[in-house]
Structure formats: C-alpha cells, structure tokens
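Below is one structure; the comments refer to it alone.
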Amino acid sequence: MAVMEMKEAINQALKEEMTRDEKVFILGEEVAEYNGAYKVTKGLLDQFGPKRVIDTPISEAGFAGLAVGAAMMGLRPVVEFMSFNFSLVAMDQIISNAAKMYYMSGGLYNIPMVMRGPNGAGPRVSSQHSHNMESVFAHFPGLHVMSPSNPKDAKGMLKSAIRCNDPVVFLENELSYGMKDEVPDGEFLVPIGKGDIKREGTDVTIIAWARMMSLAKTAADELAKEGIHAELLDPRTLKPLDMPLIAQSVRKTNRVVIVEEGHFFCGLGAQIADNIYTELFDYLDSPIIRIAQSENPMPYAANLEAATLPSVAKIVNAAKHVSYNV
Amino acid sequence: MASVKNEVPTIAKDKMLEMLEKMLNIRHFEEASIKAYQQKKIAGFLHTYIGQEAVGVGTLAHKQPQDAVVTTYRCHGLSLALGLPPKAGMAELFGRVTGCARGKGGSMHFFDKQHNFLGGHGIVGGQFGVGIGAAFKSNYDEDNAVSFIFFGDGATVQGTFHECFNLAALWDLPAIFICEDNQYGMGTACTRAIANTVIASKAEAYGCKGYTLNGMDLHEVHDRMRDIVKEVRSTRRPVLVHMKTYRYFGHSVSDAGAYRSKEEVDSYKARDPILAISRELIDGKSITEDEFKNLQKKIKNQIQEAVDFADESPEPPLEELTQHVYMDEVGNA
C-alpha cells in the first residue's frame, strides 16, 4: 500500500495495463509530451514511447473513431477526453459506432475500448465545461459506465475497464484528482458491476458516486452527530448497477437518498429510484429523495454555481426528511 | 493532380471474366433485393449499388487478405465483391439469423470478419474513423496492410472526413479514401452541397495526392487502383481517389428520383460497365454470346438460391434479442 493521489492511482493503472498488454495504447489531446492536461498520463510517453502514447490534434470525432476502428482490428485503445465535455463532439462515434458495433455486426466485432477523462463540474468553468455525462452514456445499451470516488477504486476499476472486451466510459473528476488515499501495490482489480458500502449504517442509505461520495461522507458525519446513522453506498459501476447490493442496503435501512452531480431531469438517480420502487417497494418507509444539479446551465458566479450543485446541507436535509426527523 | 502510369495496359482474360462475374453477381443480387423489397420480404432502407459495380470490383481486386474495408450504408456490392456469400447477404436483408450479422444489422450493416469488412455504416461520414483506425492498426502491428475507406460525395462535407484525412496525413496512415461520387447526396445534387466539387483537390489541402477516375470504366478503375494501392502500401501515405460514378436507381428504393432526368440516367446506362465488359469480351472472342448468357443464367440461379435460402431461414430466436449487446458478462446484469 502506498498513499497517492487519485490521478497517480489512475496513472499507475495505465502503466500496469500497458506493461501487461502491448495491445493497449493511449491517445488524446496533450496526453504525451504535455504529460496530460491534468497530469494523469505523466511519464507514460517516457516509459512507452510515441507509438503507444499519442498526442492527437483537437479532433475528438476523428480520434475516437480511429480508436473504434483500431479496436475492431484487435487493439485495445484508451481514449482520453481532456474533459468529457469534449466527448460531445465525438458522440456519433461513441454511440453509433462503439456502443452498437458488437450488436449490429451480429457478434462479429466487439470494441475493447476505454474512454476516460474528467466529468462534471470543474471549479468556476461555467456552462460548457461542466457537463455530467453519466446519464447520457448509461442510456445506451452497449456501453458500460464507471465512475470512481477514491484513488483505490480508481486503480482497480480502470484496470478492469481496460481488460473489458466491451466499450467502457470511465468518468473521473477534476476536483477529485488530488484526493489522497492508500492504494494497493500491483495487481488489484475492482470488478465491473460491483458496488461498495463505504460506511455501514442503519437509518438511511445514501447512494452517491464519484465526487458526490465525498459530500455524502461529510453529510454522514453531521447526521451521526444527530443520531442518524447513514449507510453510504457507492455503486462504482453505474451501468450495470449492482442491484443486489442496493437491495441489501435498502432492506436494512428502509430509507433512501440518491445524490448525483448531474441534472435532476432524467438523471441516473431517477433510474436507481425506479429500480428500488419496482423491486423493493414494500421495504420503503418513506419516498426516496433525489439530490441533483438544478435545471439550469452551470452559471459562472460563485453563489449561483454553489446553488446549482448538490451540497452537504442538501444531503443532510434530505436524510432527515426521509427519516421524518426534520 | 498527380497521375499514375499504367505499367500493364491489359488485364488478363481470366481476371476480366472474374470481375465480370463479380459485377453480374452484384447486379443480380441487387435486382433480386429490389424485387423482394417490393414483395415486402425486405423492409427498412435498401440502398442499391446498381451502376457503381465497376468501382467496387475494380478497386477490391487489389485487396490483400490483411487489408481492411469499410463503407457506407450502400454496402451490399462491396461485401459481395469481397466474397461474402450471397446467401449470407440476402438472409441479412430478410432479417434472418443466417444473415451475415445474424439479422441484427440489416441492409445498412453488412459485416464480414473473414475479409476484414468493417461494416456498412448508417451515418454519413461515420465510417472514416473506423477506416483510419484499421490503417493505424496496420502501422502498429507492421503488417503491411492498407485500409480501403469508401464514402459518397455527400460525406466530403462532413467534419469527420476532414478530421480523419488530417489524422491519416499527419500520422502516415495507409488509408485509401475512395469517394464514390454518384453525384447526388440523396436528392441533392453535389453542386448544391459541395463548394469545391473537384473532390481530388481536397487531398492537396493535407499535403497528399488526389486522383480522379472514371468509375464507370472497369479498366481504368482496375489499372489505376492497382498502382495507387501499390503506392499506398509502400509510402504509407493516405490518398484520395475521386471515382465518378452513377447509381441507376434512387438513393434508396423509396426514392423515385424526380430530381434527375430520364436522359441523364439513360446516358449513364449507355456506359454501363457490365454491358461494356461483356461486349468487349464477346467482341474480342474471349467468350461467346452463349457463354455470356450461360454465365448470367448461372449467377441468376445462384441469386435465386440465395433468395430461397433467405426465405426459408428462421428469424433470429428471441434469445438473440439481448445477445451481443456486450461480449463480457459483468456484474449481476
């Protein structure tokens, strides 16, 4: 175990997988000579050379499409989007090509490809640089969607994503890249589709992923002071969801708060809530409350930005509400 | 525009016959598919290759086993030219599990792994990335392959064309961009859509060579493409080939083609490559009229067998519905 930042854990996963399998290569804007816009790919060019660590021009549709073709021919590309906001430029390649290829070819061509990069709000970057894309990608069959909340998971999840024979959208957070934690040395895998209980509790299940888990932890600390013991559940893989784990927790606490950084309408939390209502209705003692981003583009002004995003206070409030303890 | 000299002006008789047979195979396959569509055995979109046969057959005569091919939704002709059995193609059109994509792809999404046929693609310009990805893999693995990327004139104004040509030129990817210019993007004449209709000149913008070929002339396509493919295989530089061709039918079977005159269509039919090559072979006494008729009959029978095969094949079982969404089984899903 070594203590490292989230970006270093992702870097370690990339290095280990590129060492293990020479078919793995990474391409994206500024990934090589610049060492990554957020330094996630630091040192990769030196270690693996320009054949496998490739700076691209600003052509997201072009290089994402190239990765799909390379994957069809047997390579295992890792595409870095400098931010997932730019993945929108490559959407046709991700949805119509990467996600659909295996199915529409009748199983002839699978796409072993990872698309990764920071997702969600950066600090004060306004409307076009703050998209949360998980609900969009999770909508389309053919993609797996993963989003780690801490350095340890990030390493184990990314290694599994790179070994997956299907396309994986791997959503990181710029605001979490500096988060430090212990990370296992060497081979360590977190299976795709397996969630994790980050803190055991008895009174309410708070489901949160990625950066929202950090907020949920602080909220749980505050709730504990008031005698409410929250169980923190991190699905880690957003598609497919670990419903057995969610069911186990809901049966125990009977109350649920779902926190997501993305918008409220058609947010992933709505799907999770629907799954719970459908499968676990009789176990609920209260309607589920969803905390999500408000229904406006991200504003620049500090006060408006804060009001747009989920907060610890909103989570605490929601947990009290579902506990009828307001 | 650069030019390539024909080193060997004539094609051997056997090769000509083989290519004639391939063109006939495509022509009759497409005619049968239109008929089956009218009988409601085929649904959805159906974009036929009739009129453009010389482009696919003459070009892919130079494909080596390691090479990859990708194209648009007008994909039946190239698949057949590569060697896809007509039965697998027709069954796909009929939506049967015996089809080349198990009935899940349909007319626009033929695939053939044996020939590295990376698909028919339904979004205009969506296949460029796939094509340069295959070329990238060839350099990565140093297997001396080239990538044949077919597209229509309408795709030259999509962003992906320019992004991917730039990437191919920047990284020395052995990609052959083949514009099958049938002069209409659906119902819009290319002069109403493309500011610069000298398609080959677009390669110069990326420091590459562009060629303009008469896509109705099998000799020209075959001979020029032989040299162009050879060039790309050795230089690893992408090229752009502008093939002037024509589709006799509408954009798809639902298109009556009111935007074109009968005279225009007839003028191209008069230059029909199948007509031209069969006359040439008969006049040159390579084959007799009877032999040609027998060849036509043989191919028509094969296509009829394909239609019968498709008709008798089962639809995909319902278990197929959720198969091939993912290759790996993960989580609890």
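Chains as they are written, first to last, in the numbering used here: chain A, 79 to 404; chain B, 1415 to 1747.
Virtual Cβ for every residue (Gly too), placed ideally from N, Cα, C.
Owing to the predicted nature of the structure, the values given are computational and were not obtained by experimental measurement.
Glutamate 94 (chain A) and alanine 1724 (chain B) have their C-alpha atoms some 49 Å from each other. Closer than 7 Å at the C-beta level to chain A, one finds these residues of the region 1539 to 1570 of chain B: Gly1540, Phe1542, Gly1543, Val1544, Gly1545, Ile1546, Gly1547, Ala1548, Phe1550, Lys1551, Tyr1554. Straight through space, the alpha carbons of alanine 177 (chain A) and serine 183 (chain A) are spaced by roughly 11 Å. Considering only B:Tyr1662, B:Ile1717, B:Glu1556, B:Ala1720, the residue with the shortest C-alpha distance to arginine 1647 (chain B) is B:Glu1556.
Within the same chain, Leu123, Asp133 come within 8 Å of glutamate 111 (chain A) by CB-CB distance, once the 5 residues on both sides are set aside. Fully enclosed beta strand (DSSP E) runs of no fewer than 3 residues occupy 308 to 312, 315 to 317, 334 to 341 of the region 303 to 353 of chain A, in order along the chain. When the Cα atoms are used, asparagine 197 (chain A) and glutamate 1594 (chain B) turn out to be separated by approximately 40 Å. The alpha helix (DSSP H) runs of length 4 or more contained entirely in the region 1463 to 1505 of chain B are, from start to end of the chain, 1467 to 1474, 1490 to 1496.
Interface criterion met: the Cβ of glycine 1745 (chain B) is under 9 Å from a Cβ in chain A. Secondary structure at lysine 1644 (chain B): helix, using DSSP grouped into helix, strand and coil. If you look at valine 156 (chain A), you'll find it isn't in any alpha helix (DSSP H); it sits in the beta strand (DSSP E) that goes 154 to 158. Listed in chain order, the positions of the region 1601 to 1623 of chain B with a beta carbon within less than 9 Å of a beta carbon of chain A would be empty, since no residue qualifies. Where asparagine 1715 (chain B) is concerned, there is no enclosing beta strand (DSSP E), although the alpha helix (DSSP H) around it starts and stops at 1703 to 1726. Chain A has a Cβ within less than 9 Å of the Cβ of isoleucine 1537 (chain B).
When DSSP states are grouped into helix, strand and coil, proline 128 (chain A) belongs to the coil group. Following the DSSP letters along the chain, one finds glycine 106 (chain A) inside the beta strand (DSSP E) bounded by residues 102 to 106.
Taking a beta-carbon distance threshold of 9 Å, alanine 1457 (chain B) does not count as an interface residue toward chain A. With distances taken between CA atoms, threonine 1462 (chain B) lies nearest to B:Phe1524 out of B:Ala1426, B:Glu1729, B:Phe1524.
Under the 9 Å criterion on CB atoms, leucine 144 (chain A) is classed as interfacial with respect to chain B.
Under the Cβ distance rule, tyrosine 112 (chain A) does not count among the residues neighbouring chain B, no pair being separated by less than 9 Å.
Under the Cβ criterion of 9 Å, glutamine 1478 (chain B) is not counted among the residues facing chain A. Contact between phenylalanine 1565 (chain B) and proline 1652 (chain B) fails: their C-beta atoms lie close to 13 Å from each other, not under 8 Å. At the C-beta level, threonine 1574 (chain B) and glycine 106 (chain A) stay beyond 9 Å of one another. The three-state reading of DSSP puts leucine 387 (chain A) in coil, since its state is none of H, G, I, E or B.
The continuous alpha helix (DSSP H) containing tyrosine 1451 (chain B) extends over residues 1427 to 1452. Residue range 84 to 98 is occupied by the alpha helix (DSSP H) that includes methionine 96 (chain A). Using beta-carbon distances, leucine 1709 (chain B) does not count as an interface residue toward chain A, since no partner is under 9 Å.
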